[in-house]
Structures are given as structure tokens and as C-alpha cells.
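Protein chains: 2
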Amino acid sequence: MARAATTADVFNAIAEPRRRDIINLLSDGTEHAVGDVVDRLQIPQPAVSKHLGVLRKVGIVSVTKQGPLRLYRLNAQELKPVHDWVKEFERFWTHQLDRIKERAERKMREQLTKAKEKEQ
Amino acid sequence: MARAATTADVFNAIAEPRRRDIINLLSDGTEHAVGDVVDRLQIPQPAVSKHLGVLRKVGIVSVTKQGPLRLYRLNAQELKPVHDWVKEFERFWTHQLDRIKERAERKMREQLTKAKEKEQ
DNA sequence: TTGACATATTCCGATATGGGAATATAATAA
DNA sequence: TTATTATATTCCCATATCGGAATATGTCAA
Numbered sequence: 001m002a003r004a005a006t007t008a009d010v011f012n013a014i015a016e017p018r019r020r021d022i023i024n025l026l027s028d029g030t031e032h033a034v035g036d037v038v039d040r041l042q043i044p045q046p047a048v049s050k051h052l053g054v055l056r057k058v059g060i061v062s063v064t065k066q067g068p069l070r071l072y073r074l075n076a077q078e079l080k081p082v083h084d085w086v087k088e089f090e091r092f093w094t095h096q097l098d099r100i101k102e103r104a105e106r107k108m109r110e111q112l113t114k115a116k117e118k119e120q
Numbered sequence: 121m122a123r124a125a126t127t128a129d130v131f132n133a134i135a136e137p138r139r140r141d142i143i144n145l146l147s148d149g150t151e152h153a154v155g156d157v158v159d160r161l162q163i164p165q166p167a168v169s170k171h172l173g174v175l176r177k178v179g180i181v182s183v184t185k186q187g188p189l190r191l192y193r194l195n196a197q198e199l200k201p202v203h204d205w206v207k208e209f210e211r212f213w214t215h216q217l218d219r220i221k222e223r224a225e226r227k228m229r230e231q232l233t234k235a236k237e238k239e240q
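Which chain is which? The protein sequence lines are A and B, in order. Numbered by this note's numbering, the letters in the first sequence go through residues 1 to 120 in order. Numbered by this note's numbering, the letters in the second sequence go through residues 121 to 240 in order.
1. For residue 49/A, name the three-state secondary structure that DSSP assigns.
2. Is the CB-CB distance between residue 189/B and residue 142/B below 8 Å?
3. Which chain B residues sit within Cβ distance under 7 Å of residue 79/A?
4. Under 8 Å by Cβ, that's how I've got residue 241/B and residue 122/B pegged, so tell me the actual separation to the nearest angstrom.
5. Where does residue 153/B sit, in a helix, a strand or coil, going by DSSP?
6. Determine, using beta carbons only, whether residue 163/B comes closer than 8 Å to chain A.
7. Beta carbon of residue 183/B, beta carbon of residue 175/B: below 8 Å?
8. Which stretch, first to last residue, makes up the beta strand (DSSP E) that contains residue 145/B?
9. Where do the ends of the alpha helix (DSSP H) carrying residue 130/B lie?
10. What residues match up with residue 69/A in a beta bridge as DSSP calls it?
So this is what it looks like as C-alpha cells:
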């Protein structure tokens, strides 16, 4: 077997930087025509259409037709599995911050102690 | 150009389900030998070595040698970029929950109102 | 119908993949 | 040294990729 298809799941779909760019652009919650994405991200139109096709296949975006335009909108909740998975690791860098904070506080207490000692 | 290498960045590296499984296994913070991963995840040893190689290349895991064993440990902070990116979309499902909560609360207030009306 | 515009699709080529099987390498013990 | 155990690497294959270029499709207006 080869590498999983980009349309296999959300994790594969968002591996592409340009697709994340597109998602970011759509994250304002409004509908965007393909040409809009092309203009704003400076990506050739066929590439945009293809990327949107991948995102649509995994449900991250949905389309509605309006005349000759195709309006894409974000279905952000499809990203929740990614969030849920990576959230488990939040503690690793949060705790790191805690440790930094603790060290800073200890230092401050030490400073206070020193100052008090001087007073006497 | 073809699809980006799995070692191109964290997003590509974690697209593989088995690699996420390995990351999950290592998330206890302790060191694990390759054979341990093989036993627990029931993945052939060469596959595990290859996946760990990808994860090492992007910095998600690091190795130390201990006799014939290679002990792998997680560098979870490397997952922060993923967390940071996807966190932006948290509001989409959080707000959804808020709406559900609001509806539930409104319903409860209505119930209370009805009960009061009955009292009189 | 014809033309103009918006978008999708197809074809191409270069590339990397992940799995399996076999094999190589490394460390240690007997 | 040799055997054993742990792990990494190599080779092969089927497959899917993304980008670019060209082209097809669809919608509307004149």
C-alpha cells in the first residue's frame, strides 16, 4: 500500500500548507468564490479547484452554486478531531510555562528574603 | 513537484494513523524501546523503525541508546504548531455548545415560568 | 447562437510513500 | 569468536500525489 489518500481523513487533508491557507481564508465564516481564493492567495485557479475538491471530499468545506460561481464555506467542526487529538498534548507546553512561572516566583521570594535580611 | 515528504513538517508527519498511535503510546512521558512499541501496537518491527525515523526527523521524538536498545521519548512541544493552528477554530464548536446550553437554559426558565403560573 | 467569464477536469511527469521480505548492523553474552 | 537479541536499512511494488498546461464544462448576456 502507498501513502494514504489526501482525502482519506482530515489529518491527511490538512497536511498540505496551501489547503491550510485556504481554510484560514475561509475561517471568517463567510462564503468565498473560487476566484476570490485565487486572487487572495495567488494560487493558480486549477490548483485552487483541486485543493477545494480535496477539502470538500473530507467535508471541511461545502459548496453552493450561485450563477457561474461556486461559493465555498468552511465546516470548521470537521477539524475537531484534530483539535481533540492534539489537545491531549497541551499539558506538555502548558506545564513548561508553569515551571517557568514557578521559577520566577521562587526567585522573587528569594529576593524578598534577601531584602528582609538586609533590613535587619 | 509531488506531495510533500512526510518529513517535511509536523503536519505531514502526523497524517499517518500509526504514527499518531506511536505518539499516543509515548505520551506517558517515559522512554520506550522499539520492541515495546512493536509489542503494544502490534506493528511489524521494520514498520515501527521507519515510523520512528520519520518522527525523529521532524523532531517529535528523540532517541538515546541503552545497550542494544534504542529508547524513544516524545518531544511533545513539537506538536504545538498543530495545536496553535487548529485552536483558531475552537470557537466554531465551542459556540455551538454555547448555543445548546443557552437553549437548555431558556427552556428551563420557561418551565419555571409555567410552574409559577400554575401556582397562582 | 455566439461570446465572455468562472470553474472543473484531464493529462503529464517527477516524486515519495508505506508495506513486506530480506538483510545488514550493533551490542552483549557465552 | 560465535550466537543471540534489538534495531535499522534496503529493495521492490502499487499507488497517489501536486503542479502546469491545456481543455472541457457551465452559466449568463447580447
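Heads up, the beta-carbon is just placed ideally off N, CA and C, and yes, glycines get one too.
Working from what's here:
1. helix
2. no
3. 206 and 209
4. Here chain B covers residues 121 to 240 and nothing more, so residue 241/B does not appear.
5. strand
6. no
7. no
8. Counting along the chain, residue 145/B falls outside any beta strand (DSSP E), though it belongs to the alpha helix (DSSP H) covering 137-146.
9. 130-133
10. 66/A
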